[in-house]
Structure formats: C-alpha cells, structure tokens
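S.K.: This structure is in structure tokens; I'll ask about it shortly.
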Amino acid sequence: MIKPEIVYDDFAKVDIRIGRITEVQPFPRARNPSYKVAVSFADLGVRWSSAQITSYTPEELVGRQVVCVVNMPPRNIAGFKSEILILGAHNQSGRVILLTPQAEVIESGQVF
C-alpha cells in the first residue's frame with residue numbers, strides 16, 4: 039500500500055542520522071525476538087533502541103554504522119524505553135536488513 043503523498047516540509051521534520059552501534063543486549067521480555075541496542079551519535083550522545091534484528095549476532099552488530107530516526111518520542115516496549123528507530127527493510131526471505139551507508143561517514147551526520 040502506498041502512503042499519502044507528503045511535501046518536502048513533512049520530510050524535513052524527520053531527523054535521520056548516522057549512528058554507530060556500541061552495545062547489544064538480549065531482550066527476552068520483548069514480544070517478538072529483539073535486542074536492546076545502544077547507538078552512539080557523537081554530539082547527541084548514546085541512545086537506546088529495541089530492535090527486531092536478531093538475524094544478526096551481537097558481534098556482527100557492534101561497530102556497525104546504522105541509519106536512525108532520532109527525533110521521535112520514546113516508546114515503552116515491554117518496560118524498556120526505546121529512544122530511536124533503527125531503519126531496515128526485509129529481504130526476499132523476510133530477514134531484516136539494516137540500512138547502512140556504503141562507506142564510513144561522519145557519526146551523527148544527517149541523512150538528506
């Protein structure tokens with residue numbers, strides 16, 4: 039389903055930044071298999087997210103740059119405050135693939 043058309047000003051309200059995963063913890067209380075993920079944004083500090091990215095091991099995730107929305111209000115997920123949205127998409131087999139830059143970019147840099 040295609041969502042309603044937006045204007046550029048709507049898109050400009052979304053603060054999308056590049057962060058680096060610094061820590062991954064199990065999250066057994068989550069309804070769907072998930073991790074608690076800490077992401078560093080340099081000048082914005084470290085923010086946490088609940089992310090359904092368990093097709094990756096924690097070792098594959100730590101150190102990886104990821105694309106995140108950083109200006110949404112926190113969500114309570116099974117008693118955990120998720121502060122950011124880590125972006126991804128499903129591949130043909132339904133696995134979540136993280137959106138990442140093709141090369142190293144500035145941590146906390148804005149996506150436009």
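The working numbering applies: residue 39 is where the sequence shown begins, and numbers increase by one. Ideal Cβ positions, reconstructed from N, Cα and C, are used throughout, including at glycine.
Report all residues from its chain with a CB closer than 7 Å to the CB of Ser88; omit the five preceding and five following residues, and keep chain order.
M.R.: Around Ser88: Phe65, Ala68, Ser72, Lys74, Ile115, Phe118 and Ser120.
S.K.: Check this for me: beta carbons of Ile54 and Val134, under 8 Å apart or not?
M.R.: No, Cβ-Cβ distance for Ile54 and Val134 is not below 8 Å.
S.K.: Do Gln103 and Val143 have their beta-carbon atoms positioned less than 8 Å apart in this structure?
M.R.: Cβ atoms of Val143 and Gln103: closer than 8 Å.
S.K.: Do you know how far the Cα of Tyr46 is from the Cα of Ser93?
M.R.: So the two alpha carbons sit approximately 34 Å from each other.
S.K.: Alpha carbon to alpha carbon, what distance is there between Glu145 and Asp81?
M.R.: Asp81 and Glu145: Cα-Cα distance of roughly 9 Å.
S.K.: Where do the ends of the alpha helix (DSSP H) carrying Leu99 lie?
M.R.: Residues Pro96 to Leu99.
S.K.: Going by CA-CA distance only, name the one from Asp48, Glu43 and Ile56 that's closest to Ala141.
M.R.: Cα-wise, what sits closest to Ala141 is Ile56.
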